[in-house]
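Notes to accompany the following structure.
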Amino acid sequence: FKPYRGSEGGVLSVTALGEYLRCPRRFYFSQVLRIQEGMLYDPPDIAPGVPMGLTGAERGSLVHHLIEKSLKGEIDLKELACSGRIPGVYGLTASDEAFVKRCIENFNEFKYCRGARSIYSEWPFLYNLGPGLCISGIIDGLVIADEGITIIDFKTNRRIDDGLLPSYELQLRAYALAAGDILGCDVKKAGLLSLYEGAWYEIDVSPNALNKYREDIVGLFDRILTSYSTGEFTSGVNCQICGHKDKMCKQ
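Residue 1145 is where the sequence shown starts when you use my numbering, and the numbers rise one by one after that.
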């Protein structure tokens, strides 16, 4: 991570931008001090020999990994959903297996990948918004069809909380800007696929909306620069699901 320093230039990940929007103090801990939430995780007390189970982040990583392998044609998710067996993964609890199975079943019902010319999984990019303003990211699903492209961001939250939605939407907006310009294609759709809920949250990707998104992201860069200049990273929302709560942060 290299902080944005005006004429010096710099790059911010789309995830970091969303993190700052959600909570500047959380951004400070993870992006400036480099203290990740996983370092502060307290494992639950369990009896010896009993599987501990996966954390929410680990479940999400596993689901993303399986979808990526499916989109590359390496595994069949319909077969996996029927059998309940996850190749190469052992020691999952019944709760873990039920969670993954539900996410995969909901993905199998998803329609936007059908009829595509090309589908890219985990598509990385580096995009220049203007002088000294670069964003980087990885798009979960990029579907290219004759009528345009569809951008999909997979989420494995049990429920998309209203407090999280603005930061997730910011990420989608950045993806839409970058993919449309880099590929020279119209963005037809962009949305969050909430895999556990089986819900689709779509954003406006009209030309006017995309221009507004660009202005918003540039403005967010300016706010981050101000925080670096003043040293002020105020607390935000969603403290109840932040790993820094009651450890690094006493808000």
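By construction, the Cβ of each residue, glycine as well, lies at the ideal position given by its N, Cα and C atoms.
Buried or exposed: which applies to residue i, given that a residue is buried once 16 or more other Cβ atoms fall within 10 Å of its Cβ?
i: G1153; result: Interpretation of G1153 is limited by its pLDDT of 48, a score under 50 that renders its predicted location unreliable; the figure taken from the coordinates is listed afterwards. The residue is exposed, with fewer than 16 neighbouring Cβ atoms inside 10 Å.
i: I1282; result: exposed
i: G1217; result: exposed
i: E1313; result: buried
i: E1376; result: exposed
i: K1146; result: Because K1146 carries a pLDDT of 43, less than 50, the predicted location of this residue cannot be relied on, and the following value inherits that uncertainty. It is exposed - the Cβ of K1146 has fewer than 16 other Cβ atoms within 10 Å.
i: D1305; result: exposed
i: Y1357; result: buried
i: S1262; result: exposed
i: G1162; result: buried
i: D1284; result: buried
i: Y1164; result: buried
Using only alpha-carbon positions, find the residue among the options that is nearest to residue i.
i: R1203; options: C1247, L1336, T1374 and G1228; result: C1247
i: P1275; options: K1356, L1286, A1242 and F1365; result: F1365
i: E1253; options: H1209, F1243, S1174 and A1225; result: A1225
i: W1344; options: G1335, D1360, S1350 and D1290; result: G1335
i: L1337; options: V1207, P1168 and L1198; result: V1207
i: D1330; options: A1260, A1289, S1157 and Y1372; result: A1289
Quick one: give me the first and last residue of the alpha helix (DSSP H) that residue i is part of.
i: D1366; result: P1351 to T1374
i: G1324; result: L1309 to L1327
i: F1171; result: P1168 to F1171
Just to confirm, are residue i and residue j a CB contact at a threshold of 8 Å?
i: S1280; j: F1298; result: no
i: Y1137; j: T1300; result: What the structure shows of the chain is the stretch from 1145 to 1395, and residue 1137 is not part of that stretch, so it cannot be assessed.
i: L1316; j: I1347; result: yes
i: Y1319; j: T1294; result: no
i: S1265; j: E1212; result: yes
i: L1286; j: A1323; result: yes
For residue i, report the span of its beta strand (DSSP E) as first-last.
i: S1157; result: V1155 to S1157
i: Y1345; result: A1343 to E1346
i: G1197; result: Unbroken run through G1197: none, as it is neither H nor E.
i: S1338; result: V1331 to S1338
Let me see if you follow: with CB-CB separation under 8 Å, is residue i close to chain B or not?
i: Q1175; result: Going by chain labels, chain B is absent from the structure shown, which holds only one protein chain.
*At which residue ranges does the stretch 1205-1278 contain complete beta strand (DSSP E) runs of 3 or more residues, listed in the order of the chain?*
1262-1274
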